[in-house]
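Asks: If you scroll down you'll find the structure; I have some questions about it.
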Ligand SMILES: Nc1ncnc2c1ncn2[C@@H]1O[C@H](COP(=O)(O)O)[C@@H](O)[C@H]1O
Ligand SMILES: Nc1ncnc2c1ncn2[C@@H]1O[C@H](COP(=O)(O)O)[C@@H](O)[C@H]1O
Ligand SMILES: Nc1ncnc2c1ncn2[C@@H]1O[C@H](COP(=O)(O)O)[C@@H](O)[C@H]1O
Ligand SMILES: Nc1ncnc2c1ncn2[C@@H]1O[C@H](COP(=O)(O)O)[C@@H](O)[C@H]1O
Ligand SMILES: [Mg+2]
Ligand SMILES: [Mg+2]
Ligand SMILES: [Mg+2]
Ligand SMILES: [Mg+2]
Ligand SMILES: [Mg+2]
Ligand SMILES: [Mg+2]
Ligand SMILES: [Mg+2]
Ligand SMILES: [Mg+2]
């Protein structure tokens with residue numbers, strides 16, 4: 246990674262052994278920074294629990310962090326539509342932390358239960374950047390975009406019943422939001438959204 | 246059309262002269278029923294104004310009705326997201342009327358201005374059937390589906406800025422709505438939605 | 246679910262243990278209503294048979310119902326093209342029942358054997374709402390739409406030989422039906438069709 | 246064209262002058278055979294009427310034939326769903342004639358009016374080959390395939406309201422017909438269907 | 246199947262036990278006709294070898310035939326591009342036989358080795374109908390269409406290296422053949438091609 | 246627009262007269278804010294030059310601004326790949342200004358002339374937010390993402406020779422950037438990118 | 246353009262006046278090199294004939310060349326399937342010449358008339374690089390690839406009847422050629438193919 | 246293979262035993278040439294190590310070579326963007342060697358680390374042909390195309406996070422490169438790129 250940015254291990258397609266040794270080597274090379282590992286299968290998480298007990302593990306998020314993240318500067322609100330969106334929401338949250346911003350998780354506020362979302366409006370509006378995570382028809386960012394004026398990143402997820410085209414529907418919906426200023430990343434790409442949100446929040450909060 | 250159903254002229258690809266004579270012929274054959282003409286270009290509307298002064302014309306809806314629609318039985322609420330969705334909303338409304346139900350038009354209640362939609366909730370919930378007309382990311386039916394329990398038909402429109410794929414985005418969004426029970430028709434097909442909604446409302450209201 | 250609507254467990258991606266405990270918890274919270282579980286794998290059905298003997302199971306439909314559905318109001322005819330469409334047809338039927346309407350199943354009346362369909366015409370035309378379930382080229386709803394005037398919902402299924410694009414062909418066919426007023430839901434989404442059909446039938450039958 | 250086959254001029258993208266001179270040249274080279282010109286714009290037809298009065302013109306079919314077709318051997322039934330399918334139906338019929346078979350046109354027998362189709366069943370079943378021309382959801386060939394055992398070619402047309410994807414829907418439907426043995430050609434390609442049908446009918450009828 | 250046509254069992258998605266009992270039942274009901282089973286997995290073939298020793302099995306074609314096919318009337322040439330196309334070619338051949346025509350298999354004559362194809366030209370041209378089976382870019386039917394005037398059906402296969410889109414490339418190529426009169430069926434659908442070819446050949450050969 | 250945000254007129258599909266009167270009305274309602282009009286055809290620009298001489302016009306950007314934008318807070322670098330991307334780049338720039346941030350335009354630094362881009366690196370890295378505008382294969386944001394750590398928004402344009410799918414290629418490329426943290430908007434949607442970038446820059450620069 | 250490469254003006258979307266002045270300016274800046282202009286509409290060609298009489302014009306190829314191309318080094322055979330492919334074939338040929346190689350045009354050798362292609366085999370095989378230009382199902386490069394071992398570039402054209410998807414069919418066919426080593430460019434991109442072929446031929450022929 | 250070209254075994258879908266015997270047979274038939282086997286699963290590589298110890302194996306490239314490749318004529322630079330692209334890069338390299346040219350592998354020079362690529366510029370520019378292997382947004386060939394004038398083949402790989410459409414994104418990007426003269430092959434088709442590059446390099450280097 247570019248000097249200064251944390252190191253990250255992408256777990257998909259790697260064996261548990263490869264992941265353990267990658268984390269170890271990067272941690273040894275950068276003992277002062279946190280190293281993040283994403284997309285970890287259960288077997289990889291189990292192996293990490295055994296061989297790297299110092300690592301912080303998040304099973305729902307399929308994540309591990311080794312080393313201490315920087316002190317948080319600014320706050321990112323990460324807002325999720327449904328429980329099935331949780332793994333991606335957690336990937337955003339962990340990335341935000343490792344890249345140096347604070348994170349406030351607001352879960353299960355999909356538009357089918359509008360009152361739950363409206364009840365959290367002020368909390369979300371107070372953040373320095375907002376990441377909205379939603380699948381299916383992904384109406385959440387449009388509704389949010391009409392309620393707040395904070396920089397807003399939308400992450401489409403591959404969550405849905407039947408023919409949702411692996412998240413294409415959510416992705417198209419976010420790009421066609423009737424609320425101006427909605428920014429997007431690739432389907433399920435919580436990592437990229439987290440990197441961008443942390444950069445915005447950290448700068449925003451500069452004294 | 247099946248005996249009993251009104252006759253309809255689809256104006257696209259027909260000359261003004263063809264439309265006038267089709268309306269005349271159908272009206273002569275069924276003097277007791279209303280005949281509907283849809284998708285009328287400005288030139289066709291102008292010609293109708295001149296040659297069939299008895300016809301009722303709707304420029305925004307690109308429509309004409311010749312003859313008297315039946316007395317309305319039951320009510321359909323037709324709900325539209327934005328002003329650009331108006332032509333399709335009007336096609337729904339006219340069809341509903343000609344097919345024998347009453348119609349309540351609720352316009353400009355897209356989700357980016359949530360308070361306007363919430364203010365109309367009870368009015369919409371009181372109808373016998375609801376038709377939601379929306380383009381772009383088409384979040385409206387999902388929000389509506391969480392607020393009311395009335396039979397709900399969603400009409401995707403080909404309205405949008407940039408790459409909305411001629412309404413495919415709205416269509417996919419409606420089919421992937423997180424609210425169960427949302428029914429759809431083809432893009433911009435206000436006619437088919439109106440036929441279905443009128444059938445539901447008319448039966449619903451049977452004594 | 247919105248107050249009054251039955252609770253539903255979507256079985257896909259859940260372990261048998263999760264499904265059992267979800268059903269138990271929802272039943273305990275709403276002892277007076279039926280709870281529906283859909284998309285159950287054989288292992289989940291086996292576990293339910295053992296641990297929740299009070300549940301009603303439908304193997305062909307991959308379904309379970311715990312508790313007593315409401316007394317049926319109105320009738321939905323659920324019409325299926327082929328035997329491969331049966332699981333979706335059953336999902337419609339179970340949902341209709343749990344959501345409070347009666348259900349009449351008319352199976353194996355695809356258009357390649359037209360006489361079998363024509364023989365059931367009056368039975369179908371007598372229902373308060375019709376759900377047509379078909380895969381492949383999905384000609385059934387168009388033929389039905391020319392024979393009856395009852396509100397008609399078409400459910401495309403992902404059934405076919407070779408390149409049917411996971412039901413896209415059936416879906417497109419239904420949206421382009423030459424019969425006006427055909428309403429659709431997502432591919433294989435018998436649940437959503439059932440919710441909508443029950444709402445229509447229940448209202449229709451109000452005294 | 247391969248020796249023995251008639252010469253054909255494809256009119257799309259050619260000027261009226263180019264079409265006239267192509268027909269003249271081919272007719273001079275093969276005075277004993279008919280020359281066919283397809284996809285003629287109104288301007289081209291007008292020019293032909295003036296400059297080649299010996300040519301037979303079909304405005305609905307956008308066609309011209311110069312010279313005498315061979316005596317017909319065998320019969321092709323060309324069956325059309327709606328009036329909008331007529332231009333393609335006529336392209337099939339003219340091609341069949343020029344390629345040496347007889348042609349029986351059966352129009353306006355789409356599946357939404359099933360009784361009209363059933364009334365023509367025996368007439369269609371008596372042909373040596375059948376070509377079914379249909380747009381929208383293209384249910385016609387599936388219904389026909391369940392009624393007759395004659396070789397059956399289905400031509401999808403780009404006819405439809407709204408999002409029919411320029412005939413892709415009809416095309417996919419025909420390729421996924423539940424009736425076995427349905428053969429297809431490209432969208433609107435009446436010419437290719439006519440060539441194939443004439444070959445089948447001519448051989449079939451060999452003594 | 247329609248009276249007179251042979252019965253067929255589609256093996257995909259059925260257990261070996263289901264296939265055995267389906268064949269047995271159909272054979273008992275129609276002892277005078279052959280019953281065909283297609284798309285048989287190795288386990289199904291093994292079970293058939295054991296339990297129905299009277300059945301004729303084709304491993305390469307994943308097929309079984311129980312009972313005696315009718316005496317062949319007319320001949321179909323089935324022409325294949327590469328060895329990977331063999332399973333589909335065999336499905337065509339078996340279907341042709343069971344539906345009452347004779348079959349001549351011409352294998353491994355893809356266009357990359359043009360001399361091998363040219364060497365078989367007269368043999369192919371002598372048939373009453375030709376079925377060309379090809380994957381990848383599917384150039385074979387176009388080359389054949391320029392060499393022979395016999396009715397020609399092209400079957401696209403899902404054979405290819407890398408991004409061939411499960412046969413879509415071959416399918417599109419066949420529908421856009423520069424040779425007129427090429428007819429197609431769905432990807433890998435040797436069965437439907439065989440039914441159609443047998444019908445053509447049987448009529449062709451009528452005295 | 247939400248209170249506080251500038252009003253914007255989307256010119257596509259509006260007549261010159263409609264645009265003039267919309268600008269006039271919005272300016273009268275909000276005399277203290279700038280009103281922006283985008284996607285103006287030459288005829289609309291000409292009419293504005295005549296009837297609203299106080300408006301600032303940008304022909305290359307197809308834009309007009311009526312009234313005084315706020316004093317700029319923070320800086321957005323808008324970076325363009327080629328001259329054909331200029332209209333979209335200008336839409337970004339004008340929107341940024343009207344929404345309250347300063348703008349630095351860096352044009353014609355596509356990756357095929359890498360030295361020109363490298364020469365501007367420090368200038369770009371000094372901004373509070375960066376918007377990269379590129380069509381064709383859209384390599385620019387990936388190269389930029391490897392050079393700078395500033396929040397980065399990529400706008401795909403529908404610019405290209407031949408089959409670029411109206412900007413889909415650029416869009417897919419941006420969503421699959423190997424540089425983490427790249428945010429995107431819809432094809433050609435300079436307006437939405439400008440709104441988001443201004444929000445980021447304005448917050449960033451808060452004292 | 247990179248130093249040494251000829252300058253090129255892409256005519257699409259430019260006015261005749263812009264094209265004339267671009268050619269003039271580039272010619273003045275590089276009097277020793279040829280300047281190429283492609284994709285010229287008839288109006289642009291007419292204007293060039295008048296204002297730049299020294300330019301060489303190719304109407305079929307929609308091209309102009311101002312100044313003297315370099316002495317040709319090596320030979321490129323440009324092979325075209327049909328007459329409709331001619332404009333692209335000419336774009337290849339002109340580009341090859343301006344980029345410094347010799348060009349041998351072999352036209353109208355599509356696979357439907359195989360003998361014409363076989364008759365040119367040795368002529369084609371003698372070139373230093375081959376460019377095959379074909380539309381529709383684009384079988385030509387596969388057949389060529391089986392006949393010669395020379396570096397082979399295939400250019401798909403947007404030529405076809407009906408649903409060829411603007412050249413996508415030809416493009417997919419070329420990428421799935423059963424002949425190894427076939428290289429492709431974008432649909433109709435004769436320019437890019439010509440640049441590449443000239444580079445190969447010039448190097449090949451180095452003494 | 247055409248006389249003179251090496252024999253190749255495509256390992257996908259073949260058992261280890263089939264691969265061993267195919268290599269043995271081809272080597273026996275052509276003892277003077279090298280035989281290449283591609284797309285070998287680990288089990289096939291293990292079997293080859295045991296049964297054909299004379300074969301050269303490349304695990305990363307999933308390859309085997311039996312027999313001695315020809316003495317190399319000319320040089321191909323094979324340039325790879327990331328480590329995940331290595332298997333395809335190795336397939337290119339092995340094919341180049343077996344088809345008679347020398348190969349220089351330049352790995353891990355993706356555009357996100359521009360300095361590493363720039364450091365290798367002269368080495369790459371000195372080759373007779375260049376093959377660029379890249380996935381995700383595939384910016385590498387465009388950047389290379391602006392730096393060198395050597396014949397350039399781009400191989401898209403199916404490498405990416407999330408929605409990259411199995412390499413379609415890389416493929417579209419390469420076909421839309423802003424650098425003229427970029428040639429492509431199918432996704433992951435290192436074999437075809439290697440065949441073409443070797444042909445170019447061998448000719449180039451002829452004395
Ligand atoms: N706006 C519309 N959208 C879709 N279908 C329509 C529309 N208007 C009319 N139709 C259908 O078109 C038929 C009349 O078509 P035509 O005979 O061509 O005028 C009617 O019976 C309807 O089924
Ligand atoms: N160039 C643009 N691209 C996308 N959306 C735009 C653009 N310009 C304006 N808009 C949106 O269009 C709305 C105004 O639309 P209208 O009322 O139809 O003029 C604005 O509030 C913006 O949300
Ligand atoms: N026919 C063509 N197809 C694709 N690209 C072309 C073509 N002609 C020119 N170009 C490219 O367009 C550039 C010139 O574009 P422009 O400056 O807009 O005239 C040239 O340098 C080529 O890279
Ligand atoms: N990795 C590869 N990618 C694409 N084509 C290949 C590859 N390896 C071999 N081939 C082709 O496959 C042919 C051998 O196929 P097979 O006879 O099935 O082993 C060779 O002659 C090549 O044309
Ligand atoms: Mg959601
Ligand atoms: Mg909307
Ligand atoms: Mg069906
Ligand atoms: Mg039809
Ligand atoms: Mg092939
Ligand atoms: Mg660019
Ligand atoms: Mg061609
Ligand atoms: Mg890459």
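Protein chains in written order, with the working numbering: chain A, 246 to 452; chain B, 246 to 452; chain C, 246 to 452; chain D, 246 to 452; chain E, 246 to 452; chain F, 246 to 452; chain G, 246 to 452; chain H, 246 to 452.
Ideal placement from N, C-alpha and C gives every residue a C-beta, glycine not left out.
Determine, using beta carbons only, whether residue 392 of chain E comes closer than 8 Å to chain G.
Replies: Closer than 8 Å to the CB of residue 392 of chain E there is at least one CB belonging to chain G.
Asks: Quick one: what's residue 283 of chain G bridged to in DSSP?
Replies: G:255
Asks: Do the CB positions of residue 334 of chain H and residue 352 of chain H come within less than 8 Å of each other?
Replies: Yes, these two residues count as a Cβ contact at 8 Å.
Asks: Take the Cβ of residue 340 of chain F as the centre, count every other Cβ of all protein chains shown within 10 Å, and call the residue buried at 16 or more, exposed below.
Replies: The residue is buried, with at least 16 neighbouring Cβ atoms inside 10 Å.
Asks: With 8 Å set as the bound, which would you pick, yes or no: does the beta-carbon of residue 279 of chain E sit closer than that to a beta-carbon of chain D?
Replies: no
Asks: To the nearest angstrom, report how far apart residue 417 of chain C and residue 379 of chain C are at their CA atoms.
Replies: 12 Å
Asks: Give, in chain order, every unbroken run of the beta strand (DSSP E) that is at least 3 residues long and sits entirely within the stretch 360-431 of chain D.
Replies: 374-379, 397-401, 427-429
Asks: Give the C-beta separation of residue 297 of chain C and residue 268 of chain C to the nearest angstrom, bearing in mind that I take them to be a contact with Cβ-Cβ under 8 Å.
Replies: Correct: roughly 6 Å between the Cβ atoms.
Asks: Which of helix, strand or coil does DSSP assign to residue 313 of chain H?
Replies: Residue 313 of chain H: coil per DSSP, three-state reduction.
Asks: So, under 8 Å CB-CB, residue 264 of chain D and residue 254 of chain D are touching, yes? Tell me the CB distance rounded to an integer number of Å.
Replies: 6 Å
Asks: With a Cβ-Cβ cutoff of 8 Å, do residue 407 of chain A and residue 367 of chain C count as a contact?
Replies: Not closer than 8 Å, so no.
Asks: Tell me whether residue 283 of chain H counts as near ligand 4, meaning its Cβ is closer than 7 Å to at least one heavy atom of that ligand.
Replies: Within the cutoff, so yes.
Asks: Under the three-state reduction of DSSP, which class applies to residue 265 of chain G: helix, strand or coil?
Replies: helix
Asks: Who pairs with residue 320 of chain A in a beta bridge, going by DSSP?
Replies: A:347
Asks: Assuming residue 445 of chain B contacts residue 396 of chain B under a Cβ cut-off of 8 Å, what Cβ separation, rounded to an integer in Å, is found between them?
Replies: 5 Å
Asks: Mind pulling the chain C residues with CB within less than 7 Å of residue 414 of chain B?
Replies: Residues of chain C passing the Cβ test: none, with the nearest at roughly 15 Å.
Asks: So what's residue 439 of chain E in DSSP terms, helix, strand or just coil?
Replies: Residue 439 of chain E: helix per DSSP, three-state reduction.
Asks: Between residue 348 of chain H and chain F, is the shortest Cβ-Cβ distance under 8 Å, so that the two count as touching?
Replies: no
Asks: For residue 327 of chain C, which residues of its own chain have a beta-carbon under 6 Å away from its beta-carbon, when the five flanking residues on both sides are left out?
Replies: 355
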